[in-house]
Structures are given as C-alpha cells and as structure tokens.
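Residues in the sequence shown are numbered consecutively from 472, following our numbering. Report on the structure given below.
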Amino acid sequence: FHTSDRIKARLAFFDAKEAALARPRLSIARVPHYCSGCPHNTSTKVPQGSRALAGIGCHYMVTWMDRNTDTFTHMGGEGVSWCGQAPFTDTEHVFQNLGDGTYFHSGSLAIRQAIAAKVNITYKILYNDAVAMTGGQPHDGTLSVPIIARQLQAEGVNNIVVVNDGTGRAYGPSDLPHGIPIRHRDELDAVQRELRTVPGVSALIYDQTCAAEKRRRRKRGAFPDPAKRVVINDLVCEGCGDCSDKSNCMSVGSVETEFGRKRTIDQSSCNKDFSCIKGFCPSFVTIEGGKLRKGKASASQGTDDLPRPQLPSTAAPWGILVTGVGGTGVVTIAALLGMAAHLEGKGISVLDMAGLAQKGGAVWSHVRIADRQDMLFAARVAAGEANAVIGCDLVVAASDESLAKMRNGHTRVVINRDQSMTSEFVRGFAAQARSGDAMKVPDPQFPAGSMEQQIVEAVGAEAAEFIDASRLATSLLGDAIATNLFMLGYAWQKGLVPLSDDAILRAIEINGAAVAANKAAFQWGRRAAVDLNAVSEAAKPQHGKPAHHKLSTTVDEVIARR
C-alpha cells in the first residue's frame, strides 16, 4: 500500500482519538424524548400486567422507557408478529401502538391480518393530526377520527373506544358509528383494562394533537392558546417526582435551592398540556389570565460600537459543527448559514444529522463553506477537521460524535454551559416517585465539570470558551429559543464564521420567523463576546434571585438559615 508522512500522521491521529474516546469518562447522553405535552406521554402507558408492541413513529421512543413496551416493525407490520407468536405463548393479550400516519400508509392492512388470525390484540391508534416524526406534515389525504372509526368497524373491529383530552373537537358522538363511546384521557387506564378482556381485535383511538404542531399553530393564531400557566412553589415542593411520573414531561425540570433540589417548570418549552398537575402535590400554582414577562432588553443597543472581527478565509473549506438539542433550532442555524453563504456567492454544504423528530435528543449540523462549490467534496465534517464548533448544548458538545470532530491546535469551540435537563432526569424523577423512597433512587447528576474538561482536553484551554448562553438569552429576550442565535452571534464575533454579519442578518429576514427577536439575539451574542460583564449586568433579573436559591457556602451559614 502507498504511504506517506501525511497518511501516517492521519492514522496516528485516528489511533490517538479512538484511544481518547475509549477511556472511561463521566458523562451523560442526550437521548431523544417526547416533546413537552406530547400525546404519547400519556397514550403509550399500559395497565399493570399488560405489555405493548411498538412500531414506526415518534411513539417508538417508548421502548427505552419503563412502560413494558418492546420490539418494533416496518410500516404495515404492526401486530403481525403477534399473529405468529400468539399460539405459542401463555400471554392472552397485547396492545399494539400504531400512529395515524402509519395507519393511513399501510397499518390498516396489519389490522386486517390480525382479524383474520383471530388473535387477541388492542390496536392503539395514536391520532395526533400530523406526520410528526418527519416534521409535522399533514396526511396525504383525508383522515379523521370518525373516518378511522368507520373503517375499523367495516373491517370487522366491533369494540372501538375513542379517547381524547377533552379539548374542542370537530366531532361528537353523533359523528361516530353507533355505539362507539368517547372517553376522557383520564380514563385511559380503565379503558385499556376493559379492552384487554375483549376476545379478538379491539381498537382504542387516542385523539390528541401533536404538541409540536400545537406550538406551531399557536404562533400562527390557528390553535387555541389558553391564557393559563402552571408554576411550582419550590418552597412547598418536596422533590418527590410525582409530577414527572404523571406527565413524563421534559418541561418539568429541577432547580437547586438552599433546601435541596426542587422541581420547576420550564416556561419556554411548556406546551400547556397540564398533565403535571395530576401529581399529588400542593406546590403547583395555576395562573389564569396571566402572560410570561418578556425580557426587559428585547433589543440590544446596536452593534456599531463593536469591533469587527477578522473573518476566517475560505480559500480552503471551513468546517463548522453546530450541536444542540432537537427542537431548539439547531437546524435553523445551519440553514441560516447556508443562505448567508449563498447570498455571498460562496460554496456551501449543510448536512443535518437528525431524525425521529429528535425532540430532546442530540442534533448535529455539519456546515462546510468554501470560496467555490466545486471545492466541497464531502458534506460531513471529518474526524478532527472541525475548524469551529458552536456547541448550543454542553451534553451534545461533549459526546463522542462531537469530540471526534475536534483537534487540538485546529479547532476552536464556543459552548453553552447551561445544564439543560436530559430525559434521564425525567425517568429518574419518575422512578423516585414510584419507589416512594428518594434515598433508594438518588437524583440524577449533571457532570458539567467533567464534560467541560473533556472538551478542553480535545482542543486546548486557549481554544475553548464556555458561556451561560441560555440564562442570558432568556433573561434578555424572554425565551430560551433565542439561545442558538445568541450563540451564533457570539461565535461570529469571535471570528469563527467566515460570513459577513450583513449576510447573516439578511438570511434571518429571508427566513421570516421572529425576525426582530432573532436579530436581537444575534446582536446580543456579539456584544457578549466583547463585553460579557456588561451583558450579564443587563440580564440580571429585575427582582434578583430568590433568597433560597442562593446556596450556603459554610456549615455555620447552613445552620443559621434553618
């Protein structure tokens, strides 16, 4: 084989990088999870003593939750494996989750097969009014709960129940085939217990709109937006986790206080499902008629006074890895960079590593920019070849996938050090509630220091910068969704993005969504890169941090405060 000093150096880098990644490290993973308020948080529950089968769709994520649901199949094969298994097991009955998009595509054929096989199975058809897994597109045709009910009845399914969340629906009992009841989702467990005793094929149509679609439609004024918010009085909260157990919701987070870790509601991500209030807890406060207080500094003071950074050259391809949490706009950042490069006539390639809706999960966008398009041959940023990493989330930035792209002496990184909760915390809080003893199930820990150190070791201390971007962006602009544009502005001001700010701002205008807020976030990020102290001062809460959120530093202080 041909060899050279360059090839040997590259192979040596691969060996060193693999060895570094193989060493035991204290870290956590950002595993995808249902959106806040997702109907699957409730619909995928099964009664004690039952089990369920998964399939294609966002609901597949239930297989790594504590919900006694296993296996999956191709579209149109849902429940068919049970047809072969049923004669050879003592299990009398199973539930089969089936998304409405899959039902429309080919899932109805699987139901027909189950009827022909005369097996005992309840199909839970999860009607969320969108093909959520691939971006929330509408169905390729007409589909509604009454239509599904009539189709199922025509196929020979005699026991059908519709379950919904009680909000406004365009149908009532008279629109459904005779004898099909409509039950509230609070009765889901009872309904499933009834259906599992029914011989043959039965169906439960669970009707609740996709949470991500609700959010999008509310922004357009096309979906009811109740003037209602839920907050937690953390002085009353005992940190039992029952709210997480009932809701399975990522917006039920945690806050460290003088009296221990308590629960809190992330208002930026809350989609107003309100399942959390079903927890047995007096600390929840429902506010009706109120709105969230917006940031006191919705626009920066302008950027004319800021120094212009020296932008990197694109005479050779410049690789940027954007990392973050699914659903927060990581892909949008990459798209803005792509449009800005196009406006400047540069070569550009963007590859987004996302899927399964990736809400709450890890997302990577590979962005490569060059003077000409014919200079770009590969879309992915290769191992050790990232010139810049914009880490919008610390957990994803410290993952193997991200660390592999970094190289000491070559890569510069800017990282949001916010300790954003992962799905491990949701599962941990829920496990605490079910155990009844938090001492048996300790609080999940966020090893921020260890993860930051791993990044520093990968690029060198002088090439790594960490900033509390989520806190600053939320305080300044009133919503954590501004974080990623804030990070882009910070990275641009540090000279990590080879595009003009004019092109980036024009790309924001072309994108057309929250233009003023996104521009302000970008500008605040720039200012933070120049004068972080001034930005931190501007972001200070109007009423200051609650006294019990300021932690004691000595034993004497702990005693005195109690």
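All C-beta atoms, glycine included, are put in the ideal place defined by N, C-alpha and C.
Quick one: give me the first and last residue of the alpha helix (DSSP H) that R686 is part of. 682-690
Going by DSSP, what residue range makes up the alpha helix (DSSP H) through Y961? 954-964
Identify which residue in S521, L777, T544 has its Cα closest to the Cα of D561. S521
Starting from G809, trace the alpha helix (DSSP H) in both directions and tell me its first and last residue. 801-814
With respect to 8 angstroms, is the separation between the Cβ of V897 and the closest non-hydrogen atom of the ligand HEM below this value? Summarising the ligand content, the structure contains no ligands, and the ligand HEM is consequently not present.
Assuming the contact rule is C-beta atoms closer than 8 angstroms, G862 and N887 should be a hit. Round their C-beta distance to whole Å, please. 6 angstroms
Could you check where the beta strand (DSSP E) with Q679 kicks off and where it finishes? Taken as a continuous stretch (DSSP letters only), Q679 belongs to no beta strand (DSSP E), as it is neither H nor E.
Per DSSP, what kind of secondary structure is G760 in: helix, strand or coil? coil
Taking only the alpha-carbon atoms, compute the straight-line gap between A953 and Q781 and give it to the nearest angstrom. 25 angstroms
Assuming G460 contacts H530 (C-beta within less than 8 angstroms), just tell me the rounded distance between them. Outside the shown range of the chain, which is 472 to 1033, sits residue 460, and nothing can be said about it.
Per the DSSP calculation, Y598 is bridged to which residue(s)? D678
Whole-angstrom Cβ separation of A857 and L807, contact assumed at under 8 angstroms? No, A857 and L807 are not in contact; Cβ-Cβ is about 18 angstroms, not under 8 angstroms.
According to DSSP, is I582 part of a helix, a strand, or is it coil? In the structure shown, I582 falls within a helical segment according to DSSP collapsed to helix, strand and coil.
Going straight from the alpha carbon of H881 to that of S514, what length do you get? 48 angstroms
Measuring CA to CA, which of V834, S946, R843, E815 is closest to L822? V834
Roughly how many whole angstroms lie between the Cα atoms of E817 and R851? Looking at the sequence provided, one finds Lys at residue 817 rather than Glu. If I take the Cα positions, the gap works out to 17 angstroms.
Reference C681, options E1028, E923, G572, E928, closest by Cα: G572
Thinking C-alpha only, which one of L597, G550, V897, A603 is nearest I582? G550
Taking its Cβ as the centre, do 16 or more other Cβ atoms sit within 10 Å of A1000, making it buried, or is it exposed? The residue is buried, with at least 16 neighbouring Cβ atoms inside 10 Å.
D914 vs S725 beta-carbon contact at 9 angstroms: With respect to S725, D914 sits close: the two C-beta atoms are nearer than 9 angstroms.
Sequence-distant residues of the same chain with beta carbon closer than 8 angstroms to G637, five excluded per side: Here the set comprises H655, R656.
Cβ pair count under 8 angstroms reaching 3, the region 589-596 against the region 666-682: Judged by Cβ distances under 8 angstroms, the region 589-596 makes contact with the region 666-682, as three or more pairs qualify.
Nearest to R878 by CA position, among S475, E1008, R481, is which residue? R481
Is I736 helix, strand or coil by DSSP? strand
So, for D737: in the same chain, excluding its five sequence neighbours on each side, which residues have a beta-carbon less than 7 angstroms away from its beta-carbon? S722, G724
Which residue marks the beginning of the beta strand (DSSP E) containing H511, and which one marks its end? No beta strand (DSSP E) contains H511, which is instead part of the alpha helix (DSSP H) from 511-514.
My output table needs one value for A557: the three-state DSSP class, helix, strand or coil. helix
Within-9 angstroms CB hit, G710 to chain D: Included in the structure is just one protein chain, with no chain D present.
Measure the beta-carbon distance from C714 to R734 and round it to whole angstroms, keeping in mind my assumption that it falls under 8 angstroms. 6 angstroms
State the beta-bridge partners of Q608 as determined by DSSP. V602
Whole angstroms are fine: how far does the CA of A811 sit from the CA of G526? 39 angstroms
Three Cβ pairs or more, each shorter than 8 angstroms: is that satisfied between the region 954-962 and the region 977-997? Cβ pair count under 8 angstroms is three or more, so yes.
Beta carbon of A1010, beta carbon of R942: below 9 angstroms? yes
Counterpart residues of L792 in DSSP-defined beta bridges: H837, V860
Can you say whether N568 is buried or exposed, counting buried as having 16 or more other CB atoms within 10 angstroms of its CB? buried
With a 10 Å radius around its C-beta and 16 neighbouring C-beta atoms as the bar for buried, classify P644 as buried or exposed. Counting other Cβ atoms within 10 Å of its Cβ, P644 stays below 16 and is therefore classed as exposed.
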